[in-house]
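Protein chains: 4
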Amino acid sequence: MRSISKLGHVALVTEDLGKSVEFWRDVVGLNHVETHDNTVFFRAWGDWEHHTLSLREGPTGVDHVAWRAGAPEDVADYAARLRELDIETTPVAADEERGQGEAIRFALPGAGHTYEIYFDVEKPRSPEELRSRLKNQPGRAWAKGASPRCLDHVNLQAEDPVTGRDFMVEEMGFRVNEEAIHTQQGTFGSWMSVTSLAHDIAFTAPTGPFTGPRFHHVAYFFDNWQDVLRAADICREANVQIDLGPARHGISQAMFCYVRDPGSGHRLELFSGGYHIYDPDWQKVVWDETELEEGLVWWGERFLPGSGHLIDESTSGAAPTPAGV
Amino acid sequence: MRSISKLGHVALVTEDLGKSVEFWRDVVGLNHVETHDNTVFFRAWGDWEHHTLSLREGPTGVDHVAWRAGAPEDVADYAARLRELDIETTPVAADEERGQGEAIRFALPGAGHTYEIYFDVEKPRSPEELRSRLKNQPGRAWAKGASPRCLDHVNLQAEDPVTGRDFMVEEMGFRVNEEAIHTQQGTFGSWMSVTSLAHDIAFTAPTGPFTGPRFHHVAYFFDNWQDVLRAADICREANVQIDLGPARHGISQAMFCYVRDPGSGHRLELFSGGYHIYDPDWQKVVWDETELEEGLVWWGERFLPGSGHLIDESTSGAAPTPAGV
Amino acid sequence: MRSISKLGHVALVTEDLGKSVEFWRDVVGLNHVETHDNTVFFRAWGDWEHHTLSLREGPTGVDHVAWRAGAPEDVADYAARLRELDIETTPVAADEERGQGEAIRFALPGAGHTYEIYFDVEKPRSPEELRSRLKNQPGRAWAKGASPRCLDHVNLQAEDPVTGRDFMVEEMGFRVNEEAIHTQQGTFGSWMSVTSLAHDIAFTAPTGPFTGPRFHHVAYFFDNWQDVLRAADICREANVQIDLGPARHGISQAMFCYVRDPGSGHRLELFSGGYHIYDPDWQKVVWDETELEEGLVWWGERFLPGSGHLIDESTSGAAPTPAGV
Amino acid sequence: MRSISKLGHVALVTEDLGKSVEFWRDVVGLNHVETHDNTVFFRAWGDWEHHTLSLREGPTGVDHVAWRAGAPEDVADYAARLRELDIETTPVAADEERGQGEAIRFALPGAGHTYEIYFDVEKPRSPEELRSRLKNQPGRAWAKGASPRCLDHVNLQAEDPVTGRDFMVEEMGFRVNEEAIHTQQGTFGSWMSVTSLAHDIAFTAPTGPFTGPRFHHVAYFFDNWQDVLRAADICREANVQIDLGPARHGISQAMFCYVRDPGSGHRLELFSGGYHIYDPDWQKVVWDETELEEGLVWWGERFLPGSGHLIDESTSGAAPTPAGV
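Chains as they are written, first to last, in the working numbering: chain A, 3 to 327; chain B, 3 to 327; chain C, 3 to 327; chain D, 3 to 327.
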């Protein structure tokens, strides 16, 4: 039976590649793996795979979000299943995406974001100056900038978030762990995972005028709450815009801070804490509209009541991320 | 030559003594020293003196802010000097304020807040269940609630903050370490100390309609930035209102969070970090109106630009602290 | 196909139940769920199940280590499989162990520790004074003592650790993530998981004279490295023996501190950090005898070279935990 | 009346200047101010003066420990007073030591360490790439390596520590805040300050054979306990020897870790926490031999009982710091 094992990487498109590279390398402190065909590949010090983030120049958006399959044969099995469902797929040849074997891409039903499913991937050894002395850790921690441990999750938005959510549950094995449901307006957001994380992905409804599938943020994980504060300091010194936080989500229990890639306007969530679910019988936690404010921000800077800031924050802002996939 | 050695304690008045006692004892985690004549005396686990905070019931306000003199004879010397300056003083007999020797009180010129100057004070040993096993530490850390180490500073407001500041500099030996000066409107705030702290007291101008001398907050110190986040969690669980933060001040460099005593509306600053000044030739750091936003909040929840929130935040808010001294 | 989902709880036996209860409740800060038939049930604020630790009085040891099955029918399926393998099983009736449905117990082949497999379990709501205001969190954090989030893992010792390890891999679906292998003497320790944790269980060889199956420690998880330091402070104030640390393991990358339950001598690992494995093709990390010292302690108090302290530390010490299961 | 305001800097001599520079710049993360006449000048991001550490090549030792006077005229006043006391002084011309005005040097009576007293000193603005955007902070925090905030204190050893201590108290205005006094053998160590710090300097007796005045360590301060753990990580990745810790002192209450400059063997204390004394009537805290173990290490790696490690640790070790001043 085909399965997904985890979020693999996010491929972002940026209007200013130079500025974005500076941000992710020097401010966030990801390790540059290689640049190939104008695409720049990054990973965090605790990431083993070839890349967890790639950047190429173009109109700001998301090229694709990649999910690693559970087994080598699952890539072909997913291709077959998508054909059965009449969903168009694009094959990706081995090494067409650097460091990666054969894969497929398709548009998520009802949402439109481009998903990639792959299994084979290189796990290159770090060059000596970036390598950890610890055998079980690919890169050296704290070498530069904020220095997160690893990729954590993504947050996407679609006009119809329910169809995308259902596809991920039924076809990709995800479980909805938490959900925001408005008594009248229905499901506002779903926090889902295929791993033990409280979410590998959050899917939320756009609350402003819909302009296509949208990308809210990619999150990288830090070992300690304090690391998020230190990262906020580093961002401010580098003149990077802090969008919200440091604060704590109720939903997912994360200590977080949203900052913006100055080259693209894409949001990065500096993320720590959160919880894991190992129970097979987890009961979905549901937040209604009266509980949502605390669900979104348990403490710390909050969306402004009555100002529509919640809407703006979720879908655009000073540096919009229209993220046409 | 008479001198002041440090901030000693703050005597607050609360409309709901029961609620306030619960807040300071169970949520903040101060140790209850004794209750005498309807006044409740508290200190933090690292405070040696009899009390650093007292509470009595009455219309919300500040009874007095107490400064410890540098030597026993300084109390009488200050009394004499105040007579010379035609400033009315009220003598406080030994033990009239619990745990304390003879003292004097007077209204700060130009501001109106009641100041107390004392020297003799009891340093009672903690009862066994609150005592630290460390010889150099009066109380046991982390026993209850947020559990700050010690009293840090106060922040006061007056219609004319300059006269109060000048009195403290000229007569009480304070140094102005940082100052916010508007190009047109003049001095907005002064951060001053008589110790090595970046401020033992901040004096700021009211920006709304003036209603008498005001109290902005009392601050207690924590050893670590993370302790402020933990304290925010504890406050939220206890349904205590968070006013602003967690965030970081530019001025003073403090990691902080403002919360409200639910019995009185008085603000408490949960405070960590900051810096010390040991240099005799410190050059005052001046922030003008273009720099002030970063000076007030370097990162974290910020005052809303254009909303007048800065004004409201500084002098009143949902739970006002009119603090007639 | 039958499966295990996670470590469920540890049932400890203590020579001094009163002292042990004080330690786990007041110093560690676990929540007391109920006492029934002289057994005391505890869980941490982030644990949903009825208990993750139980204590009863008797000669210091471990009653059983419990694994939660992946599905309700797996309990019976495991019973059948154990019969096939000629392994004697003891049925546990519903509610024979408080809060739990039908289960089975058996001695781990080659090791001798009593394992329990269960699925049905109550997830009782916390009483109001211990309940979190967060919907997705069963208990209130930071209410008392060190206050860990949840149960993390166990560490067991057996004369023949390889047979036990192989049984867990072949029959219970565990993966060996890290291993310590001496060039001459073979496998010294195996760190294994059935979840994404770097280990749900470590299995190590005794290095002193073998006296039966042994229990090295149970670990509870904290969100932050600093929380382990705070917990060390709390233990010292309570006169609880610190065995080793605060320090950092190379293997598992955990920030940790070992302390002793004064009633039983059982070790508790205060644990934070560590890493997760979401990859289906994880390559086991192997540490040989030249790498082991760094593997065991990356920094912090270390086993004494040449003193045999490593041996003593691992299997006995001032307060031995012979832990005959 | 002449006075000392604070510890100014430490001038170390190293056998391998290249290695030492790499350590202090890349691992500790101090900012290089300038190199002049083969002396390399460093300061931390929160240090305003030209340097708080200098390094020159030569047999490992300490060139001098510098104290800043309280006023410009105090340098000449100290010179006069030392003449009165028949203590030989060496004048240091302006800019003979880079960035510094006229100063004097002399050997501390009874101890032999070279002390320097200066007042005039440059406070150069950081070059743009090292400068903080905060007006009240000279350098950018977290830019490289461990990144401490500022110089904290020194720890010296002398055959007769009492005469040195008394000179500092009587002639330099120091207060003894804590003291270790053996019932038979007398004073073992004195923790003294002229600022509000629990110690600007510790003076301890050598417990091994005396070979001249010795240097135990220089300490740099971090804002958070966790920063010391992060620094330990960084040191281990850089193959820097950790001597002791991370651990917590009872005396001074500091969270600390001792590491060694690989070029010289000089010890650096990574230091956080501790407490301040603002009271003019502080009662010296005295630790006798039964209390000393906890006084030295409250928790964390400790000196080995019965092994003489305390002795070794204090005066030499694998990488000795004979530190002939």
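Ideal placement from N, C-alpha and C gives every residue a C-beta, glycine not left out. Treat the numbers as computed from the prediction; the structure is a model and nothing was measured.
Contacts around residue i, its chain only, beta-carbon distance under 7 Å, and the 5 residues preceding and following it disregarded
i                : result
ILE183 (chain B) : THR189, PHE190, VAL288, ASP290
TYR382 (chain D) : One cannot answer for residue 382 (chain D) here, as it falls past the ends of chain D, which runs 3 to 327.
GLU36 (chain A)  : PHE43, ARG100
HIS251 (chain C) : PHE258, LEU298, VAL299, TRP300
TRP144 (chain A) : none
LEU231 (chain B) : PRO248
ASP28 (chain B)  : LYS146, GLY147
Supposed contact pair residue j and residue i - C-beta distance, whole angstroms, cut 8 Å
i                : j                : result
GLY147 (chain B) : VAL261 (chain B) : The pair is not a contact, with the Cβ atoms about 12 Å apart (cut-off 8 Å).
SER7 (chain D)   : GLY72 (chain D)  : 5 Å
TRP47 (chain D)  : SER149 (chain D) : 7 Å
LEU14 (chain B)  : VAL156 (chain B) : At roughly 11 Å, the Cβ-Cβ gap does not stay under 8 Å, so LEU14 (chain B) and VAL156 (chain B) are not in contact.
GLY265 (chain B) : SER22 (chain B)  : 3 Å
PRO208 (chain D) : GLN159 (chain D) : 5 Å
PHE205 (chain C) : PRO163 (chain C) : 5 Å
ALA113 (chain B) : PRO215 (chain B) : 6 Å
Cβ-based neighbour list, residue i, same chain, cut-off 6 Å, excluding 5 preceding and 5 following
i                : result
PHE169 (chain D) : PRO111
GLU271 (chain A) : HIS219, ALA221, PHE258, TYR260
ASP79 (chain C)  : ARG4
TRP26 (chain B)  : LEU32, PHE44
ASP18 (chain D)  : GLY265
GLN102 (chain B) : TYR120, VAL123
Reduced DSSP secondary structure (H/G/I, E/B, other) of residue i
i                : result
THR197 (chain A) : coil
MET3 (chain B)   : coil
SER328 (chain C) : The structure shown does not extend to residue 328 (chain C), since chain C spans only 3 to 327, so no value can be given for it.
PRO126 (chain C) : coil
ILE183 (chain A) : strand
THR37 (chain D)  : strand
PHE2 (chain D)   : For chain D, the structure presents residues 3 to 327; residue 2 (chain D) sits outside this window and is missing.
TYR277 (chain C) : coil
TRP289 (chain A) : strand
ASP202 (chain C) : coil
ARG151 (chain A) : coil
Where residue i falls, given that 16 or more other Cβ within 10 Å makes a residue buried
i                : result
THR92 (chain B)  : exposed
MET3 (chain A)   : exposed
GLU180 (chain B) : buried
HIS38 (chain A)  : exposed
GLY63 (chain A)  : buried
ASP202 (chain A) : buried
GLU98 (chain B)  : exposed
Contacting residues, own chain, Cβ-Cβ under 8 Å from residue i (five flanking each side not counted)
i                : result
TYR117 (chain A) : HIS66, VAL67, ALA68, TRP69, ARG107, PHE108, ALA109, LEU110
VAL178 (chain A) : ARG167, VAL171, SER192, TRP193, MET194, LYS286
ARG85 (chain D)  : THR91
Proximity test, residue i beta-carbon vs the ligand HEM heavy atom, cut-off 8 Å
i                : result
ALA240 (chain B) : This structure simply doesn't include the ligand HEM, nor any ligand for that matter.
For this session: Can you give me, in chain order, the residues of the segment 206-237 of chain D that have a beta carbon less than 8 Å from any beta carbon in chain C?
Result: ASN226, TRP227, GLN228, LEU231, ALA234, ASP235, CYS237
Exercise. For the segment 62-90 of chain B, which residues have a beta carbon sitting closer than 8 Å to at least one beta carbon of chain D?
Worked result: ARG70, GLY72, ALA73
Problem set entry | Cβ-based contacts, 9 Å cut-off: residues of the segment 120-147 of chain B near chain C | SER134, ARG135, LEU136, ARG142, ALA143, TRP144, ALA145, LYS146, GLY147
For this session: Please name the residues in the segment 282-306 of chain B whose beta-carbon is closer than 7 Å to at least one beta-carbon of chain A, in chain order.
Result: TRP300, TRP301, GLY302, GLU303
Exercise. If you measure beta-carbon to beta-carbon, which residues of the segment 245-257 of chain A are closer than 8 Å to chain B?
Worked result: GLY247, PRO248, ALA249, ARG250, MET257
For this session: Compile a chain-ordered list of the residues in the segment 36-59 of chain A whose CB is closer than 8 Å to at least one CB of chain D.
Result: none
For this session: Note down, in chain order, all residues in the segment 189-203 of chain A with a beta-carbon under 7 Å from any beta-carbon belonging to chain C.
Result: THR197, SER198
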